[in-house]
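Right under this line is the structure:
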């Protein structure tokens, strides 16, 4: 029982500083939102006004520490939202032997959680888990079926074309060529 009291006594001032830092950051944001609502409703209702939130003022040193802690918490949350997906995933580009990308190629991505059936985007790119990918297999009739183990996966993977894929690509090149007489 005394141990719990000691832990609470240790964490209570820290929690108070963190809470003050959070209010130091978010109270102006909430007041700005209230000001916007008041301005919008003030167009239609004359004399309309909303109250503002205020903070309890303490000594300047505690307020400075609280502001820094609040700002660090805000930066930490934003960096987690932005950085974690960049670290946990990576982009892989699939290209044919001739250097052209593989748009909408069917893939099987094997991870510890099972198989995922995915397709590349129109530029031949796909985002895969960085750490849990066991292998990637190209499973598309246009391309030679190829499998890369997790350690063999690089940022660019090269795949061979089948007869079907080569003929479809040559047909697409003929159809997508500019008409004669048009400027390129």
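Residue numbers (the numbering used here): 2 to 185.
Virtual Cβ for every residue (Gly too), placed ideally from N, Cα, C.
| query | result |
| --- | --- |
| Best match in 79, 100, 144 and 77 for proximity to residue 106 [C-alpha to C-alpha] | 144 |
| DSSP state of residue 140 mapped onto helix, strand, coil | coil |
| 8 Å contact criterion, which residue 90 and residue 128 should meet: CB distance rounded | 5 Å |
| Separation of residue 130 from residue 115, as counted between CA atoms | 12 Å |
| For residue 35, three-class secondary structure by DSSP | helix |
| Where residue 179 falls: helix, strand or coil (DSSP) | coil |
| Whole runs of the alpha helix (DSSP H) within the stretch 77 to 103, excluding any shorter than 4 residues | none |
| Span of the beta strand (DSSP E), counted from its first residue to its last, around residue 115 | 115 to 120 |
| Option nearest residue 160 by Cα separation, candidates 82, 104 and 117 | 104 |
| Reduced DSSP secondary structure (H/G/I, E/B, other) of residue 145 | coil |
| Distance CB(residue 135)-CB(residue 125) smaller than 9 Å | no |
| C-beta atoms of residue 100 and residue 141 nearer than 9 Å | no |
| Through-space distance from residue 95 to residue 122, alpha-carbon basis | 10 Å |
| Where the beta strand (DSSP E) containing residue 111 begins and where it ends | 107 to 112 |
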